[in-house]
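Chains as they are written, first to last, in this note's numbering: chain H, 3 to 220; chain W, 3 to 220.
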DNA sequence: TAGATTGTTAATCGATTAACAATC
DNA sequence: TAGATTGTTAATCGATTAACAATC
């Protein structure tokens, strides 16, 4: 059931990104068509879920053939905003922040890292890839001037909310939170958590207590 | 409703990690007690959800006071395996893999990075933090010898399944998948996805189509 | 045509929230 | 005691799966 405003339930959103990478992969390997059953088997879902999810997407399959991979890739790319360049800044020039700033994959995927900021005077002035680490005090005007869309929080947990507030006040549209802290933001600012340590803790729990066959896993 | 085998629904597992970091944070700031209402407000949940989740945890609150932060931290630490050292290897010595191998936070949290592997001859032999990058061919005996629990996949997507198969055959217990690929593994091997690019894509979708007030967000 | 696959409706299942007796 | 908070049961809500008519 497609919604008028294009929003989708969170459960569906999480799968749309997987459908996109799957479609890209298929197309790069020359497949022209893919059925809901193929997708389901490839990603560990049921074909019902796939078809139900597709009802949120403005794209129709063809009976007996399935979905055309080119079209599927195109519509999901647009829906997820992967056809746009998103201006990003990284806050925190530690191991993780620096790795993101240096990683070419982000630019390739449309996430342009415009600047990297840190308050540690031993880090400011250093070069990280093509960028120079600047003090956080320079961040608010920078974000305003460069029309930055996304702030990537790679700072220690105790600093995270403070930095988030600064980014929000500077007009950021979304935050990727890599810090081990819960970020509070007004509703107009999207927040997405992405934390390797948390994933590792979930993984160790999963190793210690494997889910009964069937029950909702990863 | 606590289960006999200690397993919990995935939805609850994801929140347990948050309760743990919240309890650690509270305790480090000197709080002795916390109520389900406090936790709910701190993490953006309802107190009902918190109490329901706590019924999966072998720990009781005290009426009129709430939960003792020390005890809560202790039981969640044990439940999530955060009181154990987990032996890890990183496969892929690119930006992300190297950042993980260098990051002290992992060791501090009980994730001991024992080795880092890569097939690129320009990378093997290089030092990354305290480790030396070894060729992937050395990985299987290494994993056997060091009783490695967890493999962290930081390789390009096309190589991910192949590397995963190698780790699985070597007796790994869990995989943290940072590659843009779906990993197929036998049921005895736990797999957890953790991908920054995917989180960014979900974030841009969230920016483009903000959920209606209420509906399931992050 | 026969068969495969979509799109959608209905049924099931699970997760969240509300409500409230029990407790300290 | 009165009031606050837990633990749990019941109600609601949402997500997944099953089923099947429509289609090519």
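Beta carbons are placed, not taken as given, at the ideal position from N, Cα and C, and that holds for glycine.
Residue i versus residue j - alpha carbon distance
{"i": "residue 58(H)", "j": "residue 204(H)", "result": "30 angstroms"}
{"i": "residue 190(H)", "j": "residue 212(W)", "result": "8 angstroms"}
{"i": "residue 217(H)", "j": "residue 115(H)", "result": "In this prediction, residue 217(H) scores a pLDDT of 43, lower than 50, which makes its location untrustworthy; the coordinate-derived value is nonetheless stated afterwards. Taking the straight line from one Cα to the other gives about 39 angstroms."}
{"i": "residue 162(W)", "j": "residue 187(W)", "result": "12 angstroms"}
{"i": "residue 26(W)", "j": "residue 35(H)", "result": "50 angstroms"}
{"i": "residue 194(W)", "j": "residue 10(W)", "result": "16 angstroms"}
{"i": "residue 76(H)", "j": "residue 112(H)", "result": "15 angstroms"}
{"i": "residue 51(H)", "j": "residue 42(H)", "result": "8 angstroms"}
{"i": "residue 109(W)", "j": "residue 199(H)", "result": "11 angstroms"}
{"i": "residue 67(H)", "j": "residue 62(W)", "result": "56 angstroms"}
{"i": "residue 95(W)", "j": "residue 202(H)", "result": "19 angstroms"}
{"i": "residue 182(H)", "j": "residue 33(W)", "result": "19 angstroms"}
{"i": "residue 23(W)", "j": "residue 178(H)", "result": "18 angstroms"}
{"i": "residue 60(H)", "j": "residue 152(H)", "result": "26 angstroms"}
{"i": "residue 129(H)", "j": "residue 135(H)", "result": "6 angstroms"}
{"i": "residue 124(H)", "j": "residue 137(H)", "result": "10 angstroms"}
{"i": "residue 180(W)", "j": "residue 197(W)", "result": "5 angstroms"}
{"i": "residue 54(H)", "j": "residue 3(H)", "result": "8 angstroms"}
{"i": "residue 64(H)", "j": "residue 39(H)", "result": "14 angstroms"}
{"i": "residue 83(H)", "j": "residue 147(W)", "result": "46 angstroms"}
{"i": "residue 207(H)", "j": "residue 8(H)", "result": "36 angstroms"}
Per-residue DSSP class, three states only, for residue i
{"i": "residue 219(H)", "result": "Residue confidence for residue 219(H) is low, a pLDDT of 38 falling below 50, so the modelled location carries little weight and cannot support an answer."}
{"i": "residue 195(W)", "result": "strand"}
{"i": "residue 21(H)", "result": "helix"}
{"i": "residue 126(H)", "result": "coil"}
{"i": "residue 174(W)", "result": "coil"}
{"i": "residue 29(W)", "result": "helix"}
{"i": "residue 200(W)", "result": "helix"}
{"i": "residue 16(W)", "result": "helix"}
{"i": "residue 99(W)", "result": "helix"}
Residue i, enclosing beta strand (DSSP E) - first and last residue
{"i": "residue 79(W)", "result": "Residue 79(W) -> not in any beta strand (DSSP E); alpha helix (DSSP H) instead, spanning 71-81."}
{"i": "residue 153(H)", "result": "152-155"}
{"i": "residue 182(W)", "result": "First-last for residue 182(W): undefined, no H or E at that position."}
{"i": "residue 89(W)", "result": "88-93"}
{"i": "residue 62(H)", "result": "It is not in any beta strand (DSSP E) - residue 62(H) carries neither H nor E in the DSSP assignment."}
{"i": "residue 9(H)", "result": "Residue 9(H) -> no beta strand (DSSP E), and no H or E assigned at all."}
{"i": "residue 136(H)", "result": "133-136"}
Cross-strand partners of residue i (DSSP beta bridge)
{"i": "residue 284(W)", "result": "The displayed coordinates of chain W run from 3 to 220. Any statement about residue 284(W) would go beyond what the structure contains."}
{"i": "residue 118(H)", "result": "92(H), 135(H)"}
Terminal residues of the alpha helix (DSSP H) in which residue i lies
{"i": "residue 51(H)", "result": "49-56"}
{"i": "residue 108(W)", "result": "106-110"}
{"i": "residue 41(W)", "result": "38-45"}
{"i": "residue 147(H)", "result": "141-147"}
Supposed close pair residue i, residue j - CB separation, criterion 8 angstroms
{"i": "residue 166(W)", "j": "residue 185(W)", "result": "5 angstroms"}
{"i": "residue 93(W)", "j": "residue 141(W)", "result": "7 angstroms"}
{"i": "residue 97(W)", "j": "residue 149(H)", "result": "That pair is no contact at about 26 angstroms."}
{"i": "residue 18(W)", "j": "residue 81(W)", "result": "7 angstroms"}
{"i": "residue 117(W)", "j": "residue 91(W)", "result": "5 angstroms"}
{"i": "residue 101(W)", "j": "residue 101(H)", "result": "4 angstroms"}
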